[in-house]
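Student: In terms of numbering that gives the first Met the number 0, the sequence shown opens at residue 0 and continues consecutively. C-beta: ideal position from N, C-alpha, C; glycine also. Nothing here was measured: the structure is a model prediction, and the numbers come from that model.
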Amino acid sequence: MADRNLVVGNLLVVASMAIWATGFPLAPILLEHWHPMYLAAVRLAAGAVFLIILMGLLGRLSELRWAPWRDCLAIGGLGLGMAAIFLTFGQRLTDPVVVAIIATMVPVISAIMGAFSGTERISARLMLAIALAVTGGVFAVGGFSGGAIDLQGGEILVLASTIGFTWFSRASVERLAHMRDLAKATATMMASALVVVAVALTVTGFGLIVPSYDFSATSLAQIFWFACIANAGAMALWFVGIRILGVTVGGMHQNLVPFYVMLMAVALGGVFVFDQLWAALLVILGTILAQFEPRQFLHVFSRRRVP
Numbered sequence: 000m001a002d003r004n005l006v007v008g009n010l011l012v013v014a015s016m017a018i019w020a021t022g023f024p025l026a027p028i029l030l031e032h033w034h035p036m037y038l039a040a041v042r043l044a045a046g047a048v049f050l051i052i053l054m055g056l057l058g059r060l061s062e063l064r065w066a067p068w069r070d071c072l073a074i075g076g077l078g079l080g081m082a083a084i085f086l087t088f089g090q091r092l093t094d095p096v097v098v099a100i101i102a103t104m105v106p107v108i109s110a111i112m113g114a115f116s117g118t119e120r121i122s123a124r125l126m127l128a129i130a131l132a133v134t135g136g137v138f139a140v141g142g143f144s145g146g147a148i149d150l151q152g153g154e155i156l157v158l159a160s161t162i163g164f165t166w167f168s169r170a171s172v173e174r175l176a177h178m179r180d181l182a183k184a185t186a187t188m189m190a191s192a193l194v195v196v197a198v199a200l201t202v203t204g205f206g207l208i209v210p211s212y213d214f215s216a217t218s219l220a221q222i223f224w225f226a227c228i229a230n231a232g233a234m235a236l237w238f239v240g241i242r243i244l245g246v247t248v249g250g251m252h253q254n255l256v257p258f259y260v261m262l263m264a265v266a267l268g269g270v271f272v273f274d275q276l277w278a279a280l281l282v283i284l285g286t287i288l289a290q291f292e293p294r295q296f297l298h299v300f301s302r303r304r305v306p
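Next up, the structure:
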């Protein structure tokens, strides 16, 4: 039963990351007409509305009534909300390749947080698994970008965003454990949307940014997918997956995102990059090693050979 749960957890996180990856090609298109701060706000707000509607259709809105809103505001607002803001400004000051490389550090950051909180033990096997996953993620980004890396000064903001998202994920699992996954995703996204929308309106009011947005039919269709499917839908699956696997192992799956983006590019007529295939295999090996000891595979194999 435990092995079956792990399989389910891994499949859910794979689905989450694959869906999340579909938003990457849309981001630069939307940013041609949307200010990054406005795009971050509408992404979270529309995602929250989508999840609320979904809960209503499932007859589960009453779960939000009993949510610990103080914790949800702290975790979603400070964690996911501030992570979105840091990432928004970090992306403007940083090469996208560097952003993707820093994002591969989620399992490392999660393991360190777990060690300091006493909820996770960093074993030699886990360290090797993380090293494989991070190496694969970095190679995948390099293969997708052609290896061009340019440091431009926003790296600290992107790192802060990655730390914030990792803390948000761990805190949601640990402090909101009594909530069901969909309600947890909905409540925290509502809180994050509240914070980011408030910040966007504040900086606009003080004249710090010039409003830029596009409400054409094409843009709204892109926003729907970007915010509701690639963001909110992926987040709902992410919460189910990390409840089973933990954030450290779940974070390793994030390093497959460049591979998924490459597969989408191939489907649209792009070129298959074999370096990314080997990088993806490193990530997969790391996630397997983190969850199963080698002797478990030997035991299963020997058991199947017994007549």
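May I have the straight-line CA-CA distance separating Ile111 from Arg120, to the nearest angstrom?
Tutor: One-based indexing of the sequence shown puts residue 111 at position 112. One-based indexing of the sequence shown puts residue 120 at position 121. Going by the C-alpha atoms only, they are around 9 Å apart.
Student: Do Gly46 and Ala231 have their C-beta atoms closer together than 8 Å?
Tutor: Residue numbering aside, residue 46 sits at position 47 when the sequence shown is read from its first letter. Residue numbering aside, residue 231 sits at position 232 when the sequence shown is read from its first letter. Against a cut-off of 8 Å, the Cβ pair of Ala231 and Gly46 comes out as a contact.
Student: When you compare each of Phe238, Leu127 and Val48 to Met189 by their alpha carbons, which one comes out closest?
Tutor: The residue given as residue 189 occupies position 190 in the sequence shown. Of the listed residues, the one whose Cα sits closest to Met189 is Val48.
Student: Phe238 and Ala186: beta carbons closer than 8 Å?
Tutor: As a first step, residue 238 must be located in the sequence shown, where it is residue number 239. As a first step, residue 186 must be located in the sequence shown, where it is residue number 187. The answer is no: Cβ separation not under 8 Å.
Student: Considering Cα atoms alone, identify which of Asp213, Met178, Val98 and Phe138 is closest to Leu38.
Tutor: In the sequence shown, counting from the first residue as 1, residue 38 sits at position 39. Answer by Cα proximity: Asp213.
Student: Give the straight-line distance between the Cα atoms of Phe300 and Ile287, rounded to the nearest whole angstrom.
Tutor: On the sequence shown, position 301 is the one that residue 300 refers to. On the sequence shown, position 288 is the one that residue 287 refers to. At Phe300, the pLDDT of 45 sits below 50, so the modelled position is not reliable; the number obtained from the coordinates is stated separately. When rounded, the distance between both Cα atoms is 16 Å.
Student: Would DSSP call Ala176 helix, strand or coil?
Tutor: Sequence index remark: in the sequence shown, residue 176 carries index 177 (1-based). Reduced to three states, the DSSP call for Ala176 is coil.
Student: Among residues of its own chain, excluding the 5 on either side of Ile101, which ones have a beta-carbon nearer than 6 Å to its beta-carbon?
Tutor: Start at 1 with the first residue of the sequence shown, and residue 101 comes out as number 102. Val157, Leu158 and Thr161.
Student: Could you check where the alpha helix (DSSP H) with Pro24 kicks off and where it finishes?
Tutor: Within the sequence shown, residue 24 is the residue found at index 25, counting from 1. Pro24 -> no alpha helix (DSSP H), and no H or E assigned at all.
Student: Rounded to whole angstroms, what is the Cα-Cα separation between Leu11 and Gly245?
Tutor: Against the sequence shown, residue 11 aligns to sequence position 12. Against the sequence shown, residue 245 aligns to sequence position 246. One C-alpha to the other measures close to 12 Å.
Student: In terms of residues, what are the limits of the alpha helix (DSSP H) holding Thr286?
Tutor: Here the question's residue 286 lines up with position 287 in the sequence shown. Element bounds for Thr286: Phe273 to Gln290.
Student: For a quick check, are the C-beta atoms of Val105 and Gln253 less than 8 Å apart?
Tutor: One-based indexing of the sequence shown puts residue 105 at position 106. One-based indexing of the sequence shown puts residue 253 at position 254. It is a contact, given that the beta carbons lie within the stated cut-off.
Student: Buried or exposed for Phe223, going by 16 or more other Cβ atoms inside 10 Å?
Tutor: To locate residue 223, count along the sequence shown from 1; it is residue 224. It counts as exposed.
Student: What whole-angstrom Cβ distance do Phe258 and Ala229 have, given they're in contact under 8 Å?
Tutor: One-based indexing of the sequence shown puts residue 258 at position 259. One-based indexing of the sequence shown puts residue 229 at position 230. Going by Cβ atoms, the distance from Phe258 to Ala229 rounds to 16 Å, so no, they are not a contact pair.
Student: Counting Cβ pairs, one atom from each stretch, are 3 or more of them under 8 Å apart for the segment 65-81 and the segment 161-174?
Tutor: Touching, yes, given that three or more Cβ pairs across the two stretches are closer than 8 Å.
Student: Go ahead and label Thr93 buried or exposed: buried means 16 or more other beta carbons lie within 10 angstroms of its beta carbon, across all protein chains shown.
Tutor: Indexing the sequence shown from 1 puts residue 93 at position 94. The residue in question, Thr93, is buried, as its Cβ has 16 or more Cβ neighbours within 10 Å.
Student: Tell whether a beta-carbon distance below 8 Å holds between Val256 and Trp68.
Tutor: Against the sequence shown, residue 256 aligns to sequence position 257. Against the sequence shown, residue 68 aligns to sequence position 69. No, the Cβ-Cβ distance between Val256 and Trp68 is not below 8 Å.
Student: On the three-state DSSP scale, how would you describe Pro210?
Tutor: Here residue 210 is taken as the residue at index 211 of the sequence shown, counted from 1. Here Pro210 sits in coil by DSSP.
Student: Would you kindly check if the distance between the Cβ of Leu125 and the Cβ of Ala264 is under 8 Å?
Tutor: On the sequence shown, residue 264 is found 265 positions in, with the first residue counted as 1. On the sequence shown, residue 125 is found 126 positions in, with the first residue counted as 1. Cβ distance not < 8 Å, so Ala264 and Leu125 don't count as in contact.
Student: Work out the CA separation of Ile155 and Val13 for me, nearest whole Å.
Tutor: Here residue 13 corresponds to residue number 14 of the sequence shown, with the count starting at 1. Here residue 155 corresponds to residue number 156 of the sequence shown, with the count starting at 1. C-alpha separation (whole angstroms): 28 Å.
Student: Whose CA, out of Ser211, Leu236, Gly204 and Met251, lies closest to the CA of Thr137?
Tutor: Residue numbering aside, residue 137 sits at position 138 when the sequence shown is read from its first letter. Looking at the sequence provided, one finds Val at residue 137 rather than Thr. Comparing Cα positions, the closest option is Met251.
Student: Taking Gly113 as the reference, give the member of Ala235, Gly206, Phe85 and Glu173 with the closest Cα.
Tutor: One-based indexing of the sequence shown puts residue 113 at position 114. Selected option, being the one with the closest Cα: Glu173.
Student: Among Val282, Gly240 and Leu281, which residue has its Cα nearest to the Cα of Val6?
Tutor: Within the sequence shown, residue 6 is the residue found at index 7, counting from 1. Considering only alpha carbons, the answer is Gly240.
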